[in-house]
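Below is one structure, written out as C-alpha cells; the observations come after it.
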Amino acid sequence: MKKFLLSILTAVLFLSACSSGDDNEEQVTGKDAFDRKGMLINIADNIVMPAYHNFASDMAVLKTTTADFVASANVNTLLNLRSAWSEAYITWQTVSMYEIGKAEELSYRNFMNVYPTNTTGIEANISAGSYDLTTVSQQDEQGFAALDYLINGLSDTNTGTIEFYVDSSDGAKYKKYLTDLVERMDILTTTVVADWTNGYRDTFVANNGSSATSSLDKLVNDFIFHYEKHLRAGKIGIPAGVFTTETFDNKVEAFYKGDLSKTLFNANLSAMQDLFNGKHYASTTTGASFSSYLDFLNTIKNGEDLSQIINDQFDLSRSKASSLNEDFSDQVKTNNTPMLETFDELQKNVVFLKVDMLQAFSVRVDFVDADGD
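Residues -21 to -1, 1 to 352 (mature numbering (1 follows the signal peptide of the UniProt record, and there is no 0)) make up the sequence shown, in order.
Here it is as C-alpha cells:
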C-alpha cells in the first residue's frame, strides 16, 4: 500500500514538474520570439545612420563657413558661421546618445560636447600656437562649447568678436585654433560615420543575442546612461544645483550663445523619445523599438502598459520644460524653481527606464549611477 501511494505521489510530482517546465519554456520562448534583429535593423537603418549622415552634412557646412570666415572675417561671414554652428549643434542632439562602436572607441561625445568649456585652456592653446587635441586632457578645450566661446563669447558685439581674428599680432592664432577645432570635429564625425557605413552596421545587427555584450544590451544601457547623465543631469540638474548646495548658471549648454540651451534640450529629449518608439529619422513612420518590445512582452505597471507610461512621462517632461526661458542660464539666475521641477519630471522616467524596462528586457545596468556628476 505504501509503495502504491508513493508511486501516485511520484507521478503527481512528475506531472506537476512537467507542467511547470512547460510554462517556463513558453515564457522564455515568448521573450526570445521577439525579432531583436528586426529591431536593430530598424534602429540602424532608419534612425542612427540617417541621423549621422545628416549631422555629417551639417558639419561639412560648418567647415565651409569656418573657412569663409577665416578667409574674410566680417559681419556676414561671422553670422553665417554662427548659424551653421547652431544648426550642427541642434543636429548633434540626434546622435549624441549613440556612444557605441567607433564612437565609444574614440570617446566621440566627450571630444565633441564637454561643457562648460575651459576658456583659460583655450586662450593658453591659442597663445602657445601648439596643442594636441587628441589627448583626453584637451577635451574641454574643443568641441561645440569651445566654438561657442570663440564665436559668441569673446565680445558682446560682432565688431568686437571680429577684432580678435583680424588683430595684427594674434588674429592668425585665433583663426588657426578655430580652424583646427572644426577640422577635428569633422574628422571625428567622418570616422564614426564611415565605421557605421563600412561594416559596423552589419556587426551591430548581427549581434542580436541577449548577452551583456549584445547590441541591445549595450544600446539600452547607453540610452539610459545618456538620458540620466547628459539629458537629465547635464542639461538641467547640474546647472539647477540639484546635486549641490549652489546653482551653476555658467554650466548650461551653449552658455555664450544664451538663447539656444532650451532648443538643444528639446531636440535631445525628442530624439531620445523617437529612438524609444522606433520613429524613423525626419519621418512619422515607426518600426520595431524598445516600445514595441515592451508591448510584445505585455509589460504592465500599475495596470497600464509600461510603454505608454514611459511615453507619457516623456511628454510630461517636455510640457514642464515648456515654461523654461530659452536661455537656461538666465532661468537659473532669475527663477530656478522651473528648472528643479523639470528635473523632477525627468527623474520619474529614470525609474521607468532603468528599473522597469531593464527588468522586462532582462538587461543588467552596466554603468555607475550618474547622480552628482
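Glycine is no exception: its CB is placed at the ideal position from the N, C-alpha and C atoms.
Checklist entry - Run through DSSP, which three-state label would K299 get? => result In this structure, K299 counts as helix in the three-state DSSP scheme.
Item to check | Range covered by the alpha helix (DSSP H) that runs through W64 | outcome: For W64, the enclosing alpha helix (DSSP H) has its first and last residue at 54 to 71.
Checklist entry - Cα-Cα, which of A50, N53, S270, I26 is closest to Q72? => result The residue with the shortest Cα to Cα distance from Q72 is I26.
Checklist entry - Can the beta-carbon of S268 be found less than 9 Å from the beta-carbon of M76? => result No; because the gap between Cβ atoms is not below 9 Å, this pair is not in contact.
Checklist entry - Grouping DSSP H, G and I as helix and E and B as strand, with all else coil, what is D146? => result Correct three-state label for D146: coil.
Checklist entry - Whose C-beta lies closer than 6 Å to the C-beta of F204 among residues of the same chain, with five residues either side of it excluded? => result Result list for F204: F346, in chain order.
Next on the checklist: Less than 7 Å between C-beta atoms, sequence neighbours within five positions excluded: which residues of the same chain meet that for M28?
Outcome noted: Answer for M28: W175, R180, listed in chain order.
Next on the checklist: Along the chain, where does the alpha helix (DSSP H) containing S262 start, and where does it finish?
Outcome noted: It is not in any alpha helix (DSSP H) - S262 carries neither H nor E in the DSSP assignment.
Item to check | E305 (DSSP reduced to helix, strand or coil) | outcome: Note: E305 maps to coil in three-state DSSP.
Checklist entry - Span of the alpha helix (DSSP H) holding E324? => result Start and end: 316 to 330.
Checklist entry - Is the CB-CB distance between M91 and G132 below 9 Å? => result With a cutoff of 9 Å on beta-carbon distance, M91 and G132 are scored as not near each other.
Next on the checklist: Whole angstroms are fine: how far does the CA of D119 sit from the CA of L60?
Outcome noted: Straight across, the Cα-Cα distance linking L60 with D119 is about 21 Å.
Item to check | C-beta atoms of L285 and L273 nearer than 9 Å | outcome: Yes, Cβ-Cβ distance for L285 and L273 is below 9 Å.
Checklist entry - With a CB to CB cut of under 6 Å and the five nearest residues on each side skipped, what residues in its chain are close to Y144? => result Excluding sequence neighbours, Y144 sits near A52, G150, Y153, K154.
Checklist entry - CB E232 to CB F307, shorter than 9 Å? => result A contact, by the Cβ cut-off of 9 Å.
Next on the checklist: In whole angstroms, give me the CA-to-CA distance for G216 and T224.
Outcome noted: Rounded to whole angstroms, the separation of the alpha carbons of T224 and G216 is 12 Å.
Checklist entry - So does the region 28 to 40 actually touch the region 157 to 175, counting three or more Cβ pairs closer than 8 Å? => result Flag = yes, the region 28 to 40 and the region 157 to 175 touch.
Next on the checklist: Short of 6 Å in beta carbon distance, which residues of its chain neighbour T140, apart from the five on each side in sequence? Order them along the chain.
Outcome noted: Contacts found: L133, S134.
Next on the checklist: Looking only at its chain, what residues have a beta carbon closer than 8 Å to the beta carbon of T43, apart from the 5 residues adjacent to it on each side?
Outcome noted: Here the set comprises A63.
Item to check | Cα-Cα separation, M164 to L85 | outcome: Their backbone Cα atoms lie some 12 Å apart in a straight line.
Checklist entry - Can you tell which of L129, T136, Y87, L126 has its C-alpha closest to the C-alpha of T114? => result Among L129, T136, Y87, L126, the Cα nearest to that of T114 belongs to Y87.
Checklist entry - Going along the chain, which residues of its own chain have a beta-carbon closer than 8 Å to the beta-carbon of F331, five neighbours each way excluded? => result Cβ neighbours of F331 beyond the five flanking positions: K280, L285, I288, I289, Q292.
Checklist entry - Exposed or buried, G178, counting other C-beta atoms within 10 Å across all chains shown (16 or more means buried)? => result Counting other Cβ atoms within 10 Å of its Cβ, G178 stays below 16 and is therefore classed as exposed.
Checklist entry - Going by DSSP, what residues sit across from K280 in a beta bridge? => result Residue pairing by DSSP places K280 opposite E283 in a beta bridge.
Checklist entry - Between Y128 and T99, which are expected to be in contact by the criterion C-beta below 8 Å, what is the C-beta distance as a whole number of angstroms? => result By a beta-carbon distance limit of 8 Å, Y128 does not contact T99. Their separation comes to about 11 Å.
Item to check | alpha helix (DSSP H) segment containing T182, residue limits | outcome: In this chain, the alpha helix (DSSP H) harbouring T182 covers 180 to 185.
Item to check | Which listed residue (S249, D323, G220, K214) has its alpha carbon closest to that of F234 | outcome: Checked all of S249, D323, G220, K214; the closest Cα to F234 is K214.
Item to check | Buried versus exposed call for S65 [16 or more other C-beta atoms within 10 Å across all chains shown] | outcome: For S65, the number of other beta carbons within 10 angstroms of its own is at least 16, and it is reported as buried.
Item to check | Inter-residue spacing [alpha-carbon to alpha-carbon] between T265 and D253 | outcome: Cα to Cα, the separation comes out at about 9 Å.
Checklist entry - If you draw a straight line from the C-alpha of V329 to the C-alpha of L337, how long is it? => result One C-alpha to the other measures close to 11 Å.
Checklist entry - By Cβ distance, which residues of its chain are closer than 6 Å to K327, with the 5 residues on each side in sequence left out? => result Closer than 6 Å at the Cβ level, and outside the excluded window around K327, lie Q292.
Checklist entry - Over what stretch of residues does the alpha helix (DSSP H) that includes K197 continue unbroken? => result Membership of K197 in the alpha helix (DSSP H) is indicated by the continuous run 194 to 204.
Item to check | C-alpha gap between N3 and E324, whole angstroms | outcome: Low local confidence applies: a pLDDT of 34 at N3 is under 50, so the model's placement there is unreliable, and no value is given.
Checklist entry - Can you list, in chain order, the residues of its chain whose CB lies under 8 Å from that of M251, leaving out five sequence neighbours each side? => result Once the five neighbours on either side are set aside, the close Cβ partners of M251 are M76, F202, H205, Y206, L210, F293.
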